[in-house]
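Everything below concerns the one structure shown next.
Number of protein chains: 2
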Amino acid sequence: MPAKTTSPKSEIFVTMGDPAGVGPEIIARAFGSMDHSSDVRFTIIGDKDILDRALARQGVSGRGNVDVLDCWEALSGVEPGKPSKEGARKSLRSIEKAVELMMAPGDISPKALVTGPISKEAVAEVSCGFTGHTEFLQKAYGADLVTMAFVGDNLRVVPVTRHIPLKDVSSKLSIDLILNTIRQVVENGWLMTGVDRPRVMVTALNPHAGEGGRMGTEEKDIIGPAVLRAREIYPYVEGPIPSDVAFYKALGKPEVIVLAMYHDQCLGPFKMLDFTNGVNMTLGLGHVRTSPDHGTAFDIAGKGIADPGSMIRAIELALKAVRRKS
Amino acid sequence: MPAKTTSPKSEIFVTMGDPAGVGPEIIARAFGSMDHSSDVRFTIIGDKDILDRALARQGVSGRGNVDVLDCWEALSGVEPGKPSKEGARKSLRSIEKAVELMMAPGDISPKALVTGPISKEAVAEVSCGFTGHTEFLQKAYGADLVTMAFVGDNLRVVPVTRHIPLKDVSSKLSIDLILNTIRQVVENGWLMTGVDRPRVMVTALNPHAGEGGRMGTEEKDIIGPAVLRAREIYPYVEGPIPSDVAFYKALGKPEVIVLAMYHDQCLGPFKMLDFTNGVNMTLGLGHVRTSPDHGTAFDIAGKGIADPGSMIRAIELALKAVRRKS
Chain D
134 MPAKTTSPKS EIFVTMGDPA GVGPEIIARA FGSMDHSSDV RFTIIGDKDI LDRALARQGV
194 SGRGNVDVLD CWEALSGVEP GKPSKEGARK SLRSIEKAVE LMMAPGDISP KALVTGPISK
254 EAVAEVSCGF TGHTEFLQKA YGADLVTMAF VGDNLRVVPV TRHIPLKDVS SKLSIDLILN
314 TIRQVVENGW LMTGVDRPRV MVTALNPHAG EGGRMGTEEK DIIGPAVLRA REIYPYVEGP
374 IPSDVAFYKA LGKPEVIVLA MYHDQCLGPF KMLDFTNGVN MTLGLGHVRT SPDHGTAFDI
434 AGKGIADPGS MIRAIELALK AVRRKS
Chain P
134 MPAKTTSPKS EIFVTMGDPA GVGPEIIARA FGSMDHSSDV RFTIIGDKDI LDRALARQGV
194 SGRGNVDVLD CWEALSGVEP GKPSKEGARK SLRSIEKAVE LMMAPGDISP KALVTGPISK
254 EAVAEVSCGF TGHTEFLQKA YGADLVTMAF VGDNLRVVPV TRHIPLKDVS SKLSIDLILN
314 TIRQVVENGW LMTGVDRPRV MVTALNPHAG EGGRMGTEEK DIIGPAVLRA REIYPYVEGP
374 IPSDVAFYKA LGKPEVIVLA MYHDQCLGPF KMLDFTNGVN MTLGLGHVRT SPDHGTAFDI
434 AGKGIADPGS MIRAIELALK AVRRKS
C-alpha cells in the first residue's frame, strides 16, 4: 500500500458539479482511467453515493487513492439528466466548500482546483447574480483581476473582457486591463504552452485592425500602447493583429497564446476546433483552477456515453500546475 | 479550332488587380493550368505586356482562348513587388472598366466578374473614401444592398455588417438588414454550397447569445425576430446561435452557411482554416463577382511562388455562376 505511506506534497480538489449532469460520471471515468501517483492528494467534493453509483454504471472498479468529501445532505429527487433547483443548490455548495478548503491554512501546498460542469442558468436561479465559476471565484478570493484562459489541442486563447454585451466591449477596454491580463497570462505561460517564453499575439478590436483609424480607434488609443508597454518587459508580445490574421498565424503553434479583446472573438475559433478537448482555466487566484470546457450535458447524463477527455485534461493541467510549484 | 467557331454563351471579366502585386502571375498561372471550354468568353482587363511577361516568368506557354483588354496606357515605373500610386491608379481603372463592360448592353449574357487583388490602402490614397471592391461595386451598380460572402473548403460565411468599428455594430443591426441579407444569401445558396436548400445558421451578437438578456438584448429585439420572420418563407434558417457553438456546428458541413453579425465574428474562424483557398463573393449586383481572398502579397510578387489556388477557385465559382444561369 505505497499510496498510504507516502505523504502527498500537493493537493487537488475536484468539485462534482451539478449532480444531475455528466460531472459525476466523467469524474468517475477520469479517476478510473488515470494513473495516480501518491505525491498528490485528490479530494472530490460532492457526494460519495452518487460517485460510487457513477463508477458502477461506468463499470469502473475503483477510483485510485482519491477521497470523497460528502459536502451536502443526502439528495432527494436528483436524478441523472434531470436538472433541478436542488441540484443547482448542491453544485453551488460544492464550489463554496472547495473555496473554503483551498483557502484554509494547512501543511499541504500547493493546491489546485478542478471544477465539474454546472448549469449557470440553474445556479443563477437559486443565487441571484451568479454568472459563472470565474466571476464567483474572483469574488470569493477577493481578487482584483482574474483571467479566463482556454487551452486546447489546436489553440490557446484568452479573452480580455468576458461576459458583457458586445457593444460595451470598447468602453471596458483600457491599457491597464490589457497590460494586467498580459501579465497574468505571461506568469502562467508555461502552464498554457509548455514553454517558458510563449508568444502572446494580441488581437485588434476592429476589422483590419481599424485600418489606420478609418474603422475604429481603439488600436491606436488603447491596444497598440498596451502592447508597446508590455514589450518593454516582455518582448514576446506582439500586436494588435487583425482577428482574421491572428488565428491563422496561431493555429498549430503550441507556443502561441492569442490574447483577444472579447469573448466570442477567441471562443468562436477556439470551440470550433477544441470543443471536445478544451480546458477552461482561471488565472489570478493564487491557485490554478481548471475545468472541462463543456456544460452539464443533461441530455446524455447517466447514460454512460459522456466523453471524459476534457475532464481528464483538466485534471492533468491541475497536476502540471501543482507539480511545477512543489 | 473549335474554340473560335463556337459562339460563347456567357462572359467572364477578370481584372488584373494591382500590376505590382501577385495578380498578374496568379491569373497567368490560373489560365495556364485551367481547361477552357468555348462556351464562356474570358476577358482579362489590364495590360497585355504585363500578363505576357507573367506568363513567361511562370513558364506557362499559353492562356487558352482568353482575350486581354489593355485598359491603360503603358505603365512607367511599375515593377513587381513595388507598390506605387501609379499601380494603385491602374488597379482602380481596371475595376472601373470592368463595371462599364459588365453593365453594357450586349448579346452575351450572363456575365460574371473576377477581380484580382488590389491594395485597398494604396487605392484609398489615390481615391478618397475607397474602402474595397464590395463597397465600390455597390455604388457603381447603384445597389441598395450588397452582401459580402466567403466560400472555403471548410466554412461558408457571410457577415451582415462589414467595414465599420466594432462598437457601431449593434446600432447598425436591424431586422430588415438581417432579413434582406438572408434573402440574398438564400438566392445564392446553391452557388455557395452546391445544394438548393442550404442551412443558414444565424449567429448571436453577444456572448452565450445574450443569456436571456443578461448580456445584451439584440438577440431578443433584433436577431431572434429576424430569424422568425425569415423562417416563414425559408425554414432552413436557424438561430440566433452563440458564436462559440455556430462554427463548431457548421464545420465540415458543406450545406451550411454561417450568417454572422460582424466582420471578425466570421472572418476569424474562416481565415484560420481557409486563408489559402477562400473565395470572396459579392452578392446583390445582378452579376456575381468573385475574388481570391488574399491581398497583393507585394513581398512575393514577381518571384513565381504565389499560389494561384484561390484565383483558380474564384474563376471556377464564376464559371459555376454563369453556367447555372445560361
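Taken in order, these protein sequences are the chains called D and P. Its first residue numbered 134, the first sequence is counted upward by one per residue in our numbering. Its first residue numbered 134, the second sequence is counted upward by one per residue in our numbering. By construction, the Cβ of each residue, glycine as well, lies at the ideal position given by its N, Cα and C atoms. Remember, predicted model here, so these are calculated numbers, not experimental data.
Closest by C-alpha distance to D/Asn-287, out of D/Thr-409, D/Leu-416, D/Phe-164, is D/Thr-409. The contact set of D/Gln-398 on chain P, defined by CB atoms closer than 7 Å, consists of Asp-397, Gly-401 in chain order. Between P/Met-414 and chain D, the shortest Cβ-Cβ separation is not below 7 Å. For the C-beta of D/Asp-151, not a single chain P residue is nearer than 9 Å; the gap to the nearest is close to 17 Å. With contacts defined as CB atoms closer than 7 Å, D/Cys-399 and D/Pro-292 qualify as a contacting pair. Residues are counted here when their Cβ sits less than 8 Å from a Cβ of chain P; for the region 281 to 298 of chain D these are Arg-295, His-296, Ile-297, Pro-298, given in chain order.
In this structure, the beta-carbon distance from P/Tyr-369 to P/Arg-330 falls below 7 Å. With fewer than three CB-CB distances shorter than 8 Å, the region 150 to 162 of chain P does not count as touching the region 437 to 444 of chain D. In the DSSP annotation of this structure, the continuous segment of the alpha helix (DSSP H) that includes P/Val-455 starts and ends at 442 to 458. Scanning chain D for C-beta atoms nearer than 7 Å to the C-beta of P/Pro-216 yields nothing, as the closest lies near 15 Å away. The C-beta distance from P/Gly-214 to P/Ala-434 rounds to 4 Å, short enough to meet the 8 Å contact threshold. The beta carbon of P/Lys-230 lies closer than 6 Å to those of Ile-178, Cys-204 in the same chain, with the five residues before and after it left out. Listed along chain P, the residues sitting closer than 8 Å to D/Phe-380 by beta-carbon distance are Gly-401, Pro-402, Lys-404, Met-405.
Below the 7 Å Cβ cutoff, chain P contributes His-296, Ile-297, Pro-298 as neighbours of D/Met-348, in chain order. Chain D places no beta carbon closer than 7 Å to that of P/Asn-410, leaving this residue out of the contacts. For P/Ser-376, the closest Cβ of chain D is nearer than 7 Å. If you draw a 10 Å sphere on the C-beta of P/Ser-224, you find 16 or more other C-beta atoms in it, and that means buried. One thing to note: P/Arg-174 has its Cβ within 7 Å of the Cβ of P/Glu-144. Interface with chain P (7 Å Cβ-Cβ cutoff): D/Asn-313 is excluded. Scanning its chain for C-beta atoms nearer than 6 Å, with the 5 sequence neighbours on each side dropped, one finds around P/Gln-271 the residues Val-279, in chain order.
The alpha-carbon separation between P/Ser-171 and P/Pro-141 amounts to approximately 6 Å. Listed along chain D are Leu-299, Lys-300, each with a C-beta nearer than 8 Å to that of P/Val-302. Between D/Met-235 and D/His-420, the gap from beta carbon to beta carbon is short of 7 Å.
Residue environment for D/Leu-452: buried (at least 16 other C-beta atoms within 10 angstroms of its C-beta). Rounded to the nearest whole angstrom, the C-alpha separation of D/Phe-164 and D/Val-199 is 8 Å. Along the length of the region 325 to 364 of chain P, whole beta strand (DSSP E) runs at least 3 residues long occupy 332 to 336, reported in chain order. Secondary structure note for D/Thr-176: its beta strand (DSSP E) is the uninterrupted segment 173 to 179.
For a Cβ distance threshold of 9 Å, residue set Pro-298, Leu-299, Lys-300, Asp-397 of chain P lies close to D/Leu-338, ordered along the chain. Straight across, the Cα-Cα distance linking D/Gly-437 with P/Gly-428 is about 50 Å. In this structure, the CA atom of D/Ala-245 is about 6 Å from the CA atom of D/Phe-146.
In the three-state reduction of the DSSP assignment, D/Asn-413 falls in the strand class, which pools E and B. Boundaries of the beta strand (DSSP E) around D/Met-281: 280 to 284.
Think of a sphere of 7 Å around the beta carbon of D/Leu-384: the chain P residues whose beta carbon falls inside it are Met-405, in chain order.
When beta bridges are read from the DSSP output, P/Glu-144 appears opposite P/Arg-174, P/Lys-244. The Cβ atoms of P/Glu-351 and P/Ser-303 lie closer than 7 Å to each other. Look at P/Ile-251 here: in three-state DSSP terms it is coil, with no helix or strand label.
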